[in-house]
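Inspection log for the structure reproduced underneath, given as structure tokens.
There are 2 protein chains.
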Amino acid sequence: MTEENEKCDSCAQKGSCTEQGKEGTCIVDRMARIKHKIIIASGKGGVGKSTVSVNLARALQMKGFRVGVLDADITGPDIPKLLGIEDQKLMQEKEGIEPANAQGIKAASMALILSSRDTPVVWRGPMKMSAIKQFIQDVNWGELDFLIIDLPPGTSDEPLSVLQLIPDLAGAIIVTTPQEVALLDSRKAVNMVKVMKLPVLGIIENMSGLRCPHCQETINIFSSGGGQRMAEEVDVPFLGAIPIDPEVCAMGDTGQTFVECKTQAGESFSRIVERLLEMFN
Amino acid sequence: MTEENEKCDSCAQKGSCTEQGKEGTCIVDRMARIKHKIIIASGKGGVGKSTVSVNLARALQMKGFRVGVLDADITGPDIPKLLGIEDQKLMQEKEGIEPANAQGIKAASMALILSSRDTPVVWRGPMKMSAIKQFIQDVNWGELDFLIIDLPPGTSDEPLSVLQLIPDLAGAIIVTTPQEVALLDSRKAVNMVKVMKLPVLGIIENMSGLRCPHCQETINIFSSGGGQRMAEEVDVPFLGAIPIDPEVCAMGDTGQTFVECKTQAGESFSRIVERLLEMFN
Chain B
655 MTEENEKCDS CAQKGSCTEQ GKEGTCIVDR MARIKHKIII ASGKGGVGKS
705 TVSVNLARAL QMKGFRVGVL DADITGPDIP KLLGIEDQKL MQEKEGIEPA
755 NAQGIKAASM ALILSSRDTP VVWRGPMKMS AIKQFIQDVN WGELDFLIID
805 LPPGTSDEPL SVLQLIPDLA GAIIVTTPQE VALLDSRKAV NMVKVMKLPV
855 LGIIENMSGL RCPHCQETIN IFSSGGGQRM AEEVDVPFLG AIPIDPEVCA
905 MGDTGQTFVE CKTQAGESFS RIVERLLEMF N
Chain H
655 MTEENEKCDS CAQKGSCTEQ GKEGTCIVDR MARIKHKIII ASGKGGVGKS
705 TVSVNLARAL QMKGFRVGVL DADITGPDIP KLLGIEDQKL MQEKEGIEPA
755 NAQGIKAASM ALILSSRDTP VVWRGPMKMS AIKQFIQDVN WGELDFLIID
805 LPPGTSDEPL SVLQLIPDLA GAIIVTTPQE VALLDSRKAV NMVKVMKLPV
855 LGIIENMSGL RCPHCQETIN IFSSGGGQRM AEEVDVPFLG AIPIDPEVCA
905 MGDTGQTFVE CKTQAGESFS RIVERLLEMF N
């Protein structure tokens, strides 16, 4: 049995793969060139998954790692806006689809394919699955240290597709806000990841308290501490809490990351990245 | 041609319907007993669709209307938590599935079927479609003035299913936050609704500024005014803005509505309900 046959025999795509026998362009080959593949998930929407994804990518890149971001939210793709690359387009080249480049971070997203930013992607599950497969298989990610995969909320098609398509995922980071209703959905996401036999790398509590810019008092808009309590309950690591900061939101809206800022939010995020990197050493 | 045949001939379910010829239990018959069917949608998650849904339902019920809430978010069903009816279960009765009852508001949700609140619903599109169909067709909603349908974020399976399955929808309310990245996705939702030939009843801007409870100064966490600007841009009515209020979040977490409160958020919401009711008079 040749090496090629062995590789194909153990592949989840066997049977449906059109690349069999071709060197370097199948999912297994593409993904083998990426050291650590991390998914960013949540049960509830609007908790800051995409913000965590781009800031984690920037923090890792600033430390000298080669990083890519795969935006697996097909109907609400926000990564290009947050990375300030809305005007770029994905192009088909000889080696595959060339990813966009956000000051050194490679990125692929539906928003980089659509003709207009207001065009809705009114697609059912199988179409979304096929788009995600293209982002994994056809994009020329090259050699990377980290691929950050930003999932849409929920436990349906996109998370399932990513979990089934990508071999050798390092694990999942679950983002939540401290409010009960977000924790409720996040516990579902933790359980989905566990059922899929993937490690939960940890939980990040986002939007955890706000320091009033006028009087400096703390306001717990969405309560606080719930992420840590949940992490203990479901027995997974707690990576840290990020306070709400109007500056963070404004920076995201203008395509800037905040992890490099000497603010409370920036420093909290940097500590989370340190904790995460310890897991990979 | 009999009346029954005529009804079935014009029905979108013709061909796949198993209730043909039966009186009172098909989608068309069930939905004919509900005067106004309104969907609550958004592009982005976490903007407060479910909070708007339950408070709209409560406000209408307090005015004497008969109201139901259909939770069409299959993988992240939060309506029972927000209505304080997490301990209820949907039961099969002679007339169909009996909806839960939240102090007079009828409700159906996946969360009222699951054995545990932490169980993830790891389903692909067709399974979700069939659950939504059951909520529309098999639940004994009875005679209602309003059915509020709370959609999950995005423009994929659930919104498509609801838009295709429910005949005679009154229209959609789009909920957004003022931040650019939410507006981006909300414009997609507006366009999806328009493409489906459904009226956009209006846009609600949620989480619009916060008054510091310590110093009373205003903090624009997610910016402000974006919802109104977007409404003008896409030429649909602007229904109003709801400020962020830590009290609103805490009340949701304990299953209470806030529309009856004499707070800034409660009064803003009441004005939105008035504006909406003018459209139905």
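In the order they appear, the protein sequences are chains B and H. Going letter by letter, the first sequence gives residues 655 to 935 in the working numbering. Going letter by letter, the second sequence gives residues 655 to 935 in the working numbering. Cβ coordinates follow ideal geometry from the N, Cα and C atoms, glycine included. This one's a predicted model, so the numbers in the text were calculated from it and none came from an experiment.
Span of the alpha helix (DSSP H), counted from its first residue to its last, around residue i
i	result
residue 790 (chain B)	779-791
residue 842 (chain B)	834-849
residue 906 (chain B)	900-907
residue 812 (chain B)	811-819
residue 896 (chain B)	Segment: none, residue 896 (chain B) is in no alpha helix (DSSP H) and carries neither H nor E.
6 Å CB neighbourhood of residue i in its chain, flanking five on each side removed
i	result
residue 823 (chain H)	691 and 852
residue 729 (chain H)	775
residue 697 (chain B)	839, 840, 842 and 843
residue 749 (chain H)	794
residue 765 (chain B)	731 and 734
residue 920 (chain B)	912 and 913
residue 725 (chain B)	731, 733, 763 and 804
Nearest to residue i (by Cα), restricted to the options the options
i	options	result
residue 854 (chain H)	H:773, H:817, H:870 and H:709	H:817
residue 794 (chain H)	H:891, H:754 and H:919	H:754
residue 719 (chain B)	B:699, B:761, B:797 and B:897	B:797
residue 664 (chain H)	H:910, H:705, H:791 and H:819	H:819
residue 889 (chain B)	B:848, B:896, B:809 and B:770	B:848
residue 904 (chain B)	H:836, H:723, H:749 and H:929	H:836
residue 891 (chain B)	B:742, B:771, B:662 and B:933	B:933
residue 799 (chain H)	H:931, H:809 and H:873	H:931
residue 740 (chain H)	H:746, H:747 and H:731	H:731
residue 685 (chain H)	H:810, H:879 and H:789	H:789
residue 917 (chain B)	B:897, B:756, B:885 and B:935	B:897
residue 880 (chain B)	B:832, B:706, B:886 and B:919	B:832
residue 887 (chain H)	H:845, H:924 and H:876	H:845
residue 834 (chain H)	B:726, B:772 and B:783	B:772
residue 683 (chain B)	B:770, B:935, B:662 and B:768	B:662
Exposure of residue i, with buried meaning 16 or more beta-carbon neighbours within 10 Å
i	result
residue 863 (chain B)	buried
residue 869 (chain B)	exposed
residue 780 (chain H)	exposed
residue 655 (chain H)	Below a pLDDT of 50, predicted positions are generally treated as unreliable, and residue 655 (chain H), at 42, falls in that range; the measurement from the model is reported next regardless. Exposed.
residue 907 (chain H)	buried
residue 670 (chain B)	exposed
residue 758 (chain B)	exposed
residue 911 (chain H)	buried
residue 899 (chain H)	buried
residue 668 (chain H)	exposed
residue 717 (chain H)	exposed
residue 922 (chain B)	buried
residue 745 (chain H)	exposed
residue 743 (chain H)	exposed
residue 928 (chain B)	exposed
residue 704 (chain H)	buried
residue 611 (chain H)	Residue 611 (chain H) lies beyond the range of chain H shown here (655 to 935); nothing can be said about it.
residue 812 (chain B)	buried
Same chain only: Cβ atoms within 7 Å of residue i, ignoring 5 sequence neighbours per side
i	result
residue 702 (chain H)	829, 860 and 861
residue 915 (chain B)	none
residue 926 (chain H)	858, 893 and 894
residue 693 (chain B)	803, 805, 816, 823 and 826
residue 711 (chain B)	721, 723, 759 and 802
residue 792 (chain H)	750 and 751
residue 866 (chain B)	873
residue 708 (chain H)	723, 733, 736, 737 and 911
residue 850 (chain H)	817
Range covered by the beta strand (DSSP E) that runs through residue i
i	result
residue 936 (chain H)	Any question about residue 936 (chain H) goes unanswered here, given that chain H covers just 655 to 935.
residue 745 (chain B)	745-747
residue 760 (chain H)	759-762
residue 756 (chain H)	754-756
residue 689 (chain H)	688-695
residue 829 (chain B)	825-830
residue 857 (chain H)	854-859
residue 722 (chain H)	721-725
Any non-hydrogen atom of the ligand SAM closer than 7 Å to residue i Cβ
i	result
residue 844 (chain B)	The model depicted lacks the ligand SAM and carries no ligand whatsoever.
Residues near residue i by beta carbon distance below 8 Å, same chain, minus five either side
i	result
residue 666 (chain H)	818, 819 and 821
is_contact[residue i, chain A] using C-beta, thresh 8 Å
i	result
residue 851 (chain H)	The structure shown contains no chain A; the protein chains it does contain are B and H.
Name, going along the chain, the residues of the segment 867-884 of chain H whose beta-carbon falls closer than 8 Å to a beta-carbon of chain B.
867, 868, 869, 871, 873, 874, 875, 876 and 877
Please identify, using Cβ separations under 7 Å, the residues of the segment 776-788 of chain H that lie next to chain B, in order along the chain.
776, 777, 778, 779 and 782
What are the residues in the segment 718-736 of chain B lying within 9 Å of chain H by C-beta distance?
727, 728, 729, 730, 731, 732, 735 and 736
Using a beta-carbon distance cut-off of less than 7 Å, what residues from the segment 807-829 of chain B approach chain H?
807, 808, 809, 810, 811 and 814
Got a sec: which bits of the segment 747-773 of chain B sit with their beta carbon under 8 Å from any beta carbon on chain H, in order along the chain?
Listed by position along the chain: 771, 772 and 773.
Residues in the segment 692-709 of chain H having any Cβ partner in chain B nearer than 7 Å:
For chain B, the residues of the segment 692-709 of chain H that bring a beta carbon within less than 7 Å of one of its beta carbons are 697, 698, 699, 700 and 701, in chain order.
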